[in-house]
Structures are given as C-alpha cells and as structure tokens.
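Remarks on the structure that follows.
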Amino acid sequence: MQTIYYDLRDTKGQQKEIEDKISAAAKILREGGLVGIPTETVYGLGADGTNSAAVRRIFEVKGRPQDNPLILHVTGAQWLPRYCADIPPVAYTLARKFWPGPLTMILKRQPTVPNETTAGLDTVGVRCPNHPVTLAIIREAGLAIAAPSANTSGRPSCTTAQDVMEDVGGRVDMIVDGGPCAVGVESTVLDLTREPPRLLRPGGLPVEDIERLIGHIDVDRAVNVSLQAGERPGAPGMKYRHYAPKAPVTVVTGAPMNSAREIERRAGPTAGIICFDEYAHLFSQQEVRVLGPSSDKFVQAQRLFEALRSFDSTGVEEIFAQCPDNRGLGLAIGNRLKKAAAFHVINADSQRIILGVTGGTGAGKSSALRAVQDLGGIVIDCDRVYHKILSESEEFKNAINEKFPGVFTAEGQLNRKKLGQEVFAKRDRLEQLNAIVYRFLLPTLERIVEAADGLCALDAINLFESGLDRLCDRTIAVTAPTELRVKRIMARDHITEQYARLRVNAQKQDEYYRSKCDCELNNASDSPEEFRRDSYLFFERLVETIQEEKRHG
Ligand code: TXA
Ligand code: MG
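For the sequence shown, position 80 (counting from the first letter as 1) is numbered 90 according to my numbering, and the numbering increases by one without interruption.
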C-alpha cells in the first residue's frame, strides 16, 4: 500500500496547507485508517481508539502480542470521563501539572473503550501528548487516538518520521513528520487504580517530579529487574524484550569513568559502543555512538533509541553501553538500555574478584574454598548449578538428548552412569558434551557472578574443559602429593587403599592442573585446619595483588 508522507515539521508556514494536511490525517483516522503520529516522547502508530477493527490493524502491522494494551491519546483531562470510570481526584491534579506531557495514567475504563484497545483489561491508559500537530489531529478527528510506539514489535522505538517509514512504511495509510522527538523516551506509565499509585514504566516524566506533587509512589518490580517465568508485570508490555537491536547488548553501570574502563577492557574490535561524549576517544577502533555528555540526561534520552537502532545496519557482533545513574531521566534511560540487554548488566563500581578453583579429589579443594569464605567471599558450586539447569531447562535436556540419545529415562531423569560411559575415554564425545554444557552453564554462571559483589570463587573440577576459566581473574590449582591424597580419601570416604589409588589415578594429575592454572596452592599438610589457614593467607595476598592490578587498569 502507498503510505502518504506529510511534512509538518514547520507549522508556522502556510496555514491553509497545514490545516488541510491535519484534516486529511483526521479523516483517515475517522475512517478506520492508520497514521504514524509525532509526539514529544516517541512516534506513535495511531488509530481510532474506539474502533475495534482499526485497533486490530495496529496489532497486525506492529506484530504486537495480543495481550499488550494501547494508550489512548487525548487533548486534555476533560476527555477522561468519556473513557474512564472511578476517576480519583489525583488524576486531575496530575493532569493539571503534567499534561500535555509524558505521563500516561492507568484508570478504570468505561465500556465505550473496546477490548481490542485494552487487551481485555478493565483499565485503560490515557495520555495527552505534548505535540501541536498531534493535538490538532485529535481535536479535528474528535476522537481519542489509540497509539503504541510506532516501531515494529521488539525494535527500538522511533524518534523520527524516517524511523517510522523504515519500520511500517507501506503498511500504514499515512505518516506525519513532526520533526525529531524532543524527549526521546516513552511516557511514564502510572497506575492510579492503586493507593499509593504505582510506577509501571519509567519514562519522560521523572518519578521525583511526580512524588514532589503527590507524595510517595510504589515502583513495579519489572522496572528494575528481569521477571521470573510466570511473574506478571503491572504493564503487560514490560515483560517483552523491547528496544532490542539485533546484536546482544551488555549494559555497564557505575561511575562513568569506571564503566568506560570496564567497556574498554571487554570490547573487541567488532563491538559497538554506546558511551558518553567524554569517553568516545577510548574507542577509536570500534563503532561508537555518543549519547551526549555524562551530565546531560536530556540529551541522552533524545539519542538513546537512534543509537540502538543504528547498529542494525552495521556488522557489530555485540554492543556495550554506558548507563547513567537512576536519578531523574536516568531511570527511564537505564530501564530501556537494560531491557535491550535482556537485563545483562555489569556494575563497574563493584570490586568483584572471581577465582576459579580446581584440582583432583583429596587435594584439599574444600578446605581452600572454606578459606575463601573465611575471607568473606562466596563460593559457587558449579556442579550444583549444572544439575539445577539440568533439572529445570528443557532446552538443555533436549540439546543433550539430541547428541546422546537414550541417556534420559522416560521420566526425564538423566542416567549419569550411562552418559559417563558414552563419553568415557572418547575424546570427541566428551568435547561435544562439554560444548553443550558450556553453552548453557556459562550464561547462568555469568549472571550469578555478575550479581556478586566482592570475592567470589568458582568451584569447578572441569574449569578449563567447560570454558569457565574465561570468567576468572585467576585460576588456582589445589595440588597435593599423591600419597597424601590417597591417605586422605581413605579416611574421608572409608575406602580401601586399593580403591583410593584407583580413584586418584582415574583423575587428571597435578601436572595437568599446574600447567593450566595461573597459580598453585600446594597442600602438603597433615592437618586440614592448618591448610585452611595457609590458604587464607594465600588468597588474602592474591586478592591484594588483583585489586592492585585493577586499580592500575
Ligand atoms: O510515550 C508513549 O507512551 C508512546 C507515545 C506514542 O505516546 N506510546 C507508547 O506505547 O509507548 P506502547 O504501546 O509502546 O507502550 C505502552 C505501555 C505498554 O507497556 C503497555 O503494556 C502499557 O503501557 N499499558 C497500556 N495500557 C495499560 C493498562 N491498561 N494497564 C497496564 N499497562 C498498560
Ligand atoms: Mg513500545
């Protein structure tokens, strides 16, 4: 279909011509058509909000999930009673102060609003956009415009009419160009059916401004963290991986200086970088998009989506983004970045140190790990995490089953013995298994580790085979003379010397661990307590060395 493009960037020119264009847009809406409309936040994809068929077309064109309701756009609070019921006085207080502007209020709906618009909810979102062109179109059409952001579902929102053309051109009746969006992030969504009101989506109107006027508001969990399976956000739209460019995104929070350094450390030449102006010079090798000065969140909000969108036409393989703090517009900017990253977030301020601890049975790994805990560190048992994923992830099971058919029982239990036989002494088979394990275990462990602050030890027998060593600041081999190991296992597991020797010999020898690891912690002591104390001193020194290195980049 032919999309009509109207340029209304300059509304001071030919009055008659402008009025004609606005009338034409209003006519399309009244007749059930779709119009891309400018607002101060992001571009919207508008239709008559009371026309079910027209609203259904929005969902089709965007590819939007059916359970995600639309916002009604009106010209002021006088429209509220038409579409909303049980309107609390605070709605008018907020409208007086912040409308027209980037605030969407969720209120009980009137039966006049069709199910298509509200996705079957008994509430409806309403906002008055602060853009002269769209306000004129609504007034002229005499109806509320239902409009989601004009991007196709899952892509970053559109902040220019060209973006809209790129995403939905040829599939809508008209796109009205009102210039680049002044705010750049979507409206703040506030649920007023609750007391206190609840923030469902941070946006162009900072929470602090709202609280200054009406007092404390609650914040929906989905604003700050990725929800667990089955958990439902207040705003259905918050559960989708929105705003996402094609390449995976990692968000780095913390003081700008620290986050810039952290990105510099991690980013290879094929990475794309979103950073504050001051740090662009660090990334001369990479594709860089500057967000604006680190102190100017208005500019950052304006540029955010364009930066995210622009990487799709480049060859970057991953994207790193500096993130402002949560104050003011920072909450919305950070939320959009984190959603684009599926909440893959690294805090550059944290003094995290990750140690990989490995070694054969009986060498003293447990005592060494206890020393890490004595130092206030946490220990992550990688084998436990592996089994947890194994019991919870169907995808993981399927991947193993595909390569090793028959290792699962009918009830879906892993037959460890059978799998062991499959890979025992077969190098290529073991490698296949390790590759699958790595693919699933690594992202989970990365998340656990990145949430940790301070010292953290990975307890992993297959530290290198699994590739987990790549997460570590240092890898440590816990070693001990063979005779001592045999004696220890005999005592610990109450087994014969012969069997103990068999077990020790079946494993990789100290020489292997020594050659692979960055450092060695040798346990020639007869007393586990003594070794734990030695280990404490060893780790204490190691941590100091690593901290020193980190300080000097
Ligand atoms: O700034 C904006 O709000 C832009 C411009 C075009 O106005 N619009 C926008 O719409 O961002 P959309 O559809 O992309 O996002 C609307 C958000 C979604 O997360 C949706 O789930 C939520 O608001 N929402 C809408 N109606 C709701 C309701 N009745 N209850 C809870 N959440 C609602
Ligand atoms: Mg949207």
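Just so you know, even glycine gets a beta-carbon here, dropped at the ideal spot from N, CA and C.
{"Query": "Proximity test, residue 294 beta-carbon vs ligand 3 heavy atom, cut-off 6 Å", "Result": "Ligand 3 is not part of the structure shown, which contains ligand 1 and ligand 2 as its ligands."}
{"Query": "Continuous alpha helix (DSSP H) stretch holding residue 442: start and end", "Result": "437-461"}
{"Query": "Contact under 7 Å by Cβ, residue 377 with residue 548", "Result": "no"}
{"Query": "Element boundaries [beta strand (DSSP E), containing residue 201]", "Result": "198-201"}
{"Query": "Within the region 365-424, ranges of the alpha helix (DSSP H) (whole runs, at least 4 residues)", "Result": "375-384, 392-402 and 404-413"}
{"Query": "Buried versus exposed, by CB contacts within 10 Å (16 or more), residue 516", "Result": "exposed"}
{"Query": "Alpha carbon of residue 374 to alpha carbon of residue 350, nearest angstrom", "Result": "43 Å"}
{"Query": "Residue environment, residue 123, which counts as buried when at least 16 other CB atoms sit within 10 Å", "Result": "buried"}
{"Query": "Bridge partners - residue 159, DSSP secondary structure assignment", "Result": "54"}
{"Query": "heavy atom of ligand 2 below 6 Å from residue 197 C-beta", "Result": "no"}
{"Query": "Span separating the alpha-carbon of residue 520 from that of residue 456", "Result": "27 Å"}
{"Query": "Cβ distance (whole Å) where residue 477 is taken to contact residue 443 below 8 Å", "Result": "The Cβ separation is near 13 Å, so there is no contact."}
{"Query": "Run of the beta strand (DSSP E) containing residue 469, from where it starts to where it stops", "Result": "465-469"}
{"Query": "Cβ separation of residue 213 and residue 51, assumed to be a contact under 8 Å, to the nearest whole Å", "Result": "7 Å"}
{"Query": "Boundaries of the alpha helix (DSSP H) in which residue 267 is found, first to last residue", "Result": "266-276"}
{"Query": "beta-carbon residue 415 near ligand 1 non-hydrogen atom, thresh 6 Å", "Result": "no"}
{"Query": "Simplified DSSP assignment, three categories, for residue 612", "Result": "Any property of residue 612 remains undetermined from this structure, which presents the chain solely from 11 to 563."}
{"Query": "Residue burial classification, residue 506 (beta-carbon count within 10 angstroms, cutoff 16)", "Result": "exposed"}
{"Query": "Residue 304: CB within 6 Å of a non-hydrogen atom of ligand 2", "Result": "no"}
{"Query": "Whole-angstrom C-beta distance between residue 144 and residue 188, which should lie under 8 Å", "Result": "7 Å"}
{"Query": "Within 7 Å, strictly: CB atoms of residue 343 and residue 257", "Result": "no"}
{"Query": "7 Å CB neighbourhood of residue 129 in its chain, flanking five on each side removed", "Result": "76, 77, 78, 79 and 246"}
{"Query": "Ligand 1 heavy atom lying under 6 Å from the CB of residue 399", "Result": "no"}
{"Query": "Residue 420 classed as buried or exposed, judged by whether at least 16 other C-beta atoms fall within 10 angstroms", "Result": "exposed"}
{"Query": "Near ligand 2: residue 159 beta-carbon under 6 Å from a heavy atom", "Result": "yes"}
{"Query": "Which of helix, strand or coil DSSP assigns to residue 253", "Result": "coil"}
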